[in-house]
Amino acid sequence: MELVKERFSKLLLGEDMSGGGKGVCTAVAISNAITNLYATVFGSCHKLEPLPAGKKAMWRREMDCLLSVCDYIVEFYPTTQTLPDGTKVEVMATRPRSDIYINLPALEKLDAMLIDILDSFQKAEFWYADAGTRSFGSVTSSSSAMSSSFRKSVHRNEDKWWLPVPCVPDAGLTEKACKDLRKKRDCANQIHKAAVAINSGVLSDMEVPESFMAVLPKSGRASVGDSVYRVMLGADKFSPDFLLDTLDISSEHDALAMADRVEAAMYVWRRKASGSHGKLPWSKVKELAADDDDKNVTLASRAESLLLCLKHRFPGLSQTTLDTSKIQFNKDVGQAILESYSRVLESLAFNIVSWIDDVLFADKSIRKLSDNLKS
1 MELVKERFSK LLLGEDMSGG GKGVCTAVAI SNAITNLYAT VFGSCHKLEP
51 LPAGKKAMWR REMDCLLSVC DYIVEFYPTT QTLPDGTKVE VMATRPRSDI
101 YINLPALEKL DAMLIDILDS FQKAEFWYAD AGTRSFGSVT SSSSAMSSSF
151 RKSVHRNEDK WWLPVPCVPD AGLTEKACKD LRKKRDCANQ IHKAAVAINS
201 GVLSDMEVPE SFMAVLPKSG RASVGDSVYR VMLGADKFSP DFLLDTLDIS
251 SEHDALAMAD RVEAAMYVWR RKASGSHGKL PWSKVKELAA DDDDKNVTLA
301 SRAESLLLCL KHRFPGLSQT TLDTSKIQFN KDVGQAILES YSRVLESLAF
351 NIVSWIDDVL FADKSIRKLS DNLKS
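Take the sequence shown: its letter number 161 is residue 161 in UniProt numbering, and every next letter is one higher.
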């Protein structure tokens with residue numbers, strides 16, 4: 001009951017504990033609550049191991065409280081009701097809003113699957129060494145000595161030196177363990193794709209803030225640059241993969257900057273193409289302009305495919321400027337819950353895939369080292 005009181009109070013206050021009415025709207029408050037809860041529960045998790053019982057209970061308990069809001073987000077639909085005298089009358093009934101009815105159960109299923117994957121690592125053939133210190137678990141002293149000298153050769157993330165390093169036996173993992181890891185990796189990867197799809201769908205349904213539209217460049221060409229613009233406009237059959245191959249995108253920072261430029265250009269071209277069609281949805285504008293051979297429609301569609309391809313190449317890409325702006329100015333509580341829930345599950349799934357890759361990399365490295373010593 002105390003938890004419910006605390007959550008309810010924070011949502012009403014919009015995170016403004018002074019009570020001065022300067023807080024954020026309910027949608028942003030509940031989005032922040034889910035994001036902060038994820039950081040509290042999973043922020044210190046860097047290993048393939050079961051989630052501590054206390055944190056697991058906290059995640060279930062507080063998420064149930066936050067998601068309970070969805071029980072009261074409904075839509076009206078016409079139906080018939082039979083009166084005691086047999087007369088049938090048309091009335092308006094309620095049902096869960098369609099986006100919540102479809103996506104929320106799916107997200108809860110993905111959530112449970114990710115927790116199950118972590119729980120499955122109760123017993124494992126690998127262990128971890130913490131930032132150059134002794135390893136732990138069922139490890140012999142020789143294994144401990146090996147782990148400290150082995151650290152540099154198996155760490156895939158040298159820029160994140162503080163993360164625990166996975167260690168494996170001298171002979172490497174058994175075939176059964178490797179097969180099991182790959183199976184779990186595939187499962188987590190599919191969960192990641194599903195969460196990304198839901199998140200992208202929710203974000204695309206959110207209104208584009210006026211503040212974003214107000215600062216768009218005057219032309220899409222100025223946003224993406226001359227070389228990219230010429231390829232997008234000149235090709236009879238546009239290939240986003242081919243275009244990305246020609247660009248120097250060597251880091252996620254470069255990829256995010258490119259995504260921002262492409263997304264801005266896409267909305268410039270959409271705005272120009274929609275000029276004579278008022279405020280019709282983009283899908284309708286494309287239908288109406290299909291026979292006009294409007295270059296703005298073509299460019300906007302190609303920019304959309306380029307942006308999608310870029311996000312597929314960099315699955316851990318941060319939110320674009322538009323995504324951040326949409327979340328910040330969103331007023332729809334249902335969309336806020338679906339977006340934040342799918343976003344944190346996307347992050348957890350991505351981390352699990354990365355952690356499994358680290359273990360498989362360690363196994364590959366120790367086998368290679370063993371083969372070199374034998375030869």
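Quick reminder that beta carbons are idealized off the backbone N, C-alpha and C, glycines included. Fair warning: this is a prediction, and the values are worked out from it, not measured in the lab.
Separation of residue j from residue i, as counted between CA atoms
{"i": "S211", "j": "N330", "result": "12 Å"}
{"i": "G334", "j": "K10", "result": "18 Å"}
{"i": "Y267", "j": "M213", "result": "8 Å"}
{"i": "D248", "j": "D254", "result": "8 Å"}
{"i": "K368", "j": "T174", "result": "15 Å"}
{"i": "K55", "j": "V202", "result": "28 Å"}
{"i": "R95", "j": "A27", "result": "21 Å"}
{"i": "T82", "j": "G19", "result": "49 Å"}
{"i": "A259", "j": "I327", "result": "17 Å"}
{"i": "S354", "j": "D294", "result": "43 Å"}
{"i": "A303", "j": "E263", "result": "7 Å"}
{"i": "W59", "j": "E2", "result": "16 Å"}
{"i": "residue 378", "j": "F126", "result": "Summary: the structure shown does not reach residue 378, with the chain confined to residues 1 through 375, and so no result is reported for it."}
{"i": "G234", "j": "I191", "result": "38 Å"}
{"i": "M17", "j": "L243", "result": "50 Å"}
{"i": "L216", "j": "F361", "result": "44 Å"}
{"i": "L307", "j": "L256", "result": "10 Å"}
{"i": "N103", "j": "L37", "result": "20 Å"}
{"i": "W269", "j": "A194", "result": "29 Å"}
{"i": "P50", "j": "I115", "result": "8 Å"}
{"i": "P164", "j": "I352", "result": "14 Å"}
{"i": "V224", "j": "S370", "result": "49 Å"}
{"i": "R97", "j": "D226", "result": "45 Å"}
{"i": "S143", "j": "K237", "result": "The pLDDT assigned to S143 is 40, lower than 50, so where the model puts this residue is not dependable; a value taken from the coordinates is nonetheless given after this. Approximately 56 Å between the Cα atoms of the pair."}
{"i": "Y77", "j": "H312", "result": "38 Å"}
{"i": "L13", "j": "S318", "result": "29 Å"}
Candidates the options: closest to residue i by CA position
{"i": "S342", "options": "Q328, L107, L256", "result": "L107"}
{"i": "A177", "options": "F121, V215, S227", "result": "F121"}
{"i": "W161", "options": "D130, N103, K179", "result": "D130"}
{"i": "residue 389", "options": "N372, D99, M258, G43", "result": "Since the displayed the chain opens at 1 and closes at 375, residue 389 lies outside it and no answer follows."}
{"i": "K272", "options": "E252, L244, S301", "result": "S301"}
{"i": "K218", "options": "K183, T246, K286, R261", "result": "R261"}
{"i": "C45", "options": "G234, M17, Y128", "result": "Y128"}
{"i": "S340", "options": "P84, D323, V89", "result": "D323"}
{"i": "residue 441", "options": "D371, N189, A265", "result": "Past the boundaries of the shown model lies residue 441; the chain is included only from 1 to 375, so the question cannot be answered."}
{"i": "V359", "options": "P169, K109, G14", "result": "P169"}
{"i": "A265", "options": "D236, T298, K286", "result": "T298"}
{"i": "P209", "options": "P240, F242, T321", "result": "T321"}
{"i": "L66", "options": "I30, T35, R221", "result": "I30"}
{"i": "I34", "options": "S305, S347, E49", "result": "S347"}
{"i": "T79", "options": "E90, G316, F8, P240", "result": "E90"}
{"i": "K123", "options": "G86, A171, D180", "result": "D180"}
{"i": "A336", "options": "V24, L13, D186, A93", "result": "V24"}
{"i": "A53", "options": "V41, M63, D64", "result": "V41"}
Where the beta strand (DSSP E) containing residue i begins and where it ends
{"i": "V24", "result": "That residue, V24, is in no beta strand (DSSP E); it is neither H nor E in DSSP."}
{"i": "A129", "result": "127-129"}
{"i": "L166", "result": "A small correction: the amino acid at residue 166 is Pro; Leu does not occupy that position in the sequence shown. Per DSSP, P166 belongs to the beta strand (DSSP E) from 165-167."}
Buried or exposed by the 16-neighbour rule on C-beta atoms within 10 Å, applied to residue i
{"i": "V196", "result": "buried"}
{"i": "N199", "result": "buried"}
{"i": "D363", "result": "buried"}
{"i": "I366", "result": "buried"}
{"i": "Y72", "result": "exposed"}
{"i": "S204", "result": "exposed"}
{"i": "I356", "result": "buried"}
{"i": "S68", "result": "exposed"}
{"i": "N296", "result": "buried"}
{"i": "P166", "result": "buried"}
{"i": "L373", "result": "exposed"}
{"i": "K47", "result": "buried"}
{"i": "S283", "result": "exposed"}
{"i": "L345", "result": "buried"}
{"i": "S325", "result": "buried"}
{"i": "G43", "result": "exposed"}
{"i": "D332", "result": "buried"}
{"i": "V228", "result": "buried"}
{"i": "R230", "result": "exposed"}
{"i": "T140", "result": "Bear in mind that the predicted position of T140 carries a pLDDT of just 38, short of 50, making it too unreliable to give a figure here."}
{"i": "M92", "result": "exposed"}
{"i": "K184", "result": "buried"}
Continuous alpha helix (DSSP H) stretch holding residue i: start and end
{"i": "S262", "result": "It is Val, not Ser, that sits at residue 262 in the sequence shown. It spans 252-273 - the alpha helix (DSSP H) in which V262 sits, taken as one unbroken run."}
{"i": "A112", "result": "98-119"}
{"i": "F242", "result": "240-246"}
Any non-hydrogen atom of the ligand ADP closer than 7 Å to residue i Cβ
{"i": "L11", "result": "With respect to small molecules bound, the structure shown includes none, and the ligand ADP cannot be examined in it."}
4 or more residues per run - each alpha helix (DSSP H) lying fully within the stretch 50-77: 53-67
Ordered list of beta strand (DSSP E) runs contained in the stretch 277-344, each at least 3 residues: none
Contiguous alpha helix (DSSP H) assignments of at least 4 residues, all confined to the stretch 192-227: 210-214, 220-224
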